[in-house]
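Contents: one structure, followed by commentary.
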Amino acid sequence: QVQLVESGGGLVQPGGSLRLSCVGSGIMFSIYAMGWYRQAPGNERELVAVISSGGSTNYAHSAEGRFTISRDNAKNTVYLQMNSLKPEDTAVYYCNAYYSGRTKLDYWGQGTQVTVSS
1034 QVQLVESGGG LVQPGGSLRL SCVGSGIMFS IYAMGWYRQA PGNERELVAV ISSGGSTNYA
1094 HSAEGRFTIS RDNAKNTVYL QMNSLKPEDT AVYYCNAYYS GRTKLDYWGQ GTQVTVSS
C-alpha cells in the first residue's frame, strides 16, 4: 500500500519559517519525482516546487527565493523548507509522487495545513 505522510505544518507569524516533511512508503521512492502542491480555500491546487529523481528542482514564481525543496532517498523523505512566509502562503500543502515510465503513477498525501497569521 502506497502512503505519503506529510508533517510539519502549523501556525506561524509572517516572516517566520516552517519545514514540511513527507515520508513515502510502498513505492521505490528514489525513482519518483516528488512535488509539493498547495490549495487555499476557493482556489485550485497549485504547484509549489518539484524535485526530480535526479535532484533537479523547479519552483513556482511565488516560491522562488523563499522555499527550498530537497530529498533524502535513504529516508524516503522529501522536504520543503519555507522561509519568509507570507499570509498568502496559507493553504493545505500536499505531497505528490509522480513516476512517468511505461506506466504513469501518481500518488498524493493527505495534506498538512499551513497558516501564516499574526
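Under the numbering used here, the first residue of the sequence shown carries the number 1034, and numbering increases by one thereafter. Glycine residues also receive a C-beta, built at the ideal position from the N, C-alpha and C atoms.
For Thr1110, the enclosing beta strand (DSSP E) has its first and last residue at 1110 to 1115. For Ala1066, the secondary structure class from DSSP, reduced to helix, strand or coil, is strand. Just so you know, the alpha carbons of Ser1063 and Asn1106 end up roughly 6 Å apart. Non-local C-beta neighbours of Glu1097 in its own chain, meaning closer than 6 Å and more than five positions away in sequence, are absent. By the 16-neighbour rule on beta-carbons within 10 angstroms, Asp1122 is buried.
Under DSSP, Gly1043 shares a beta bridge with Val1147.
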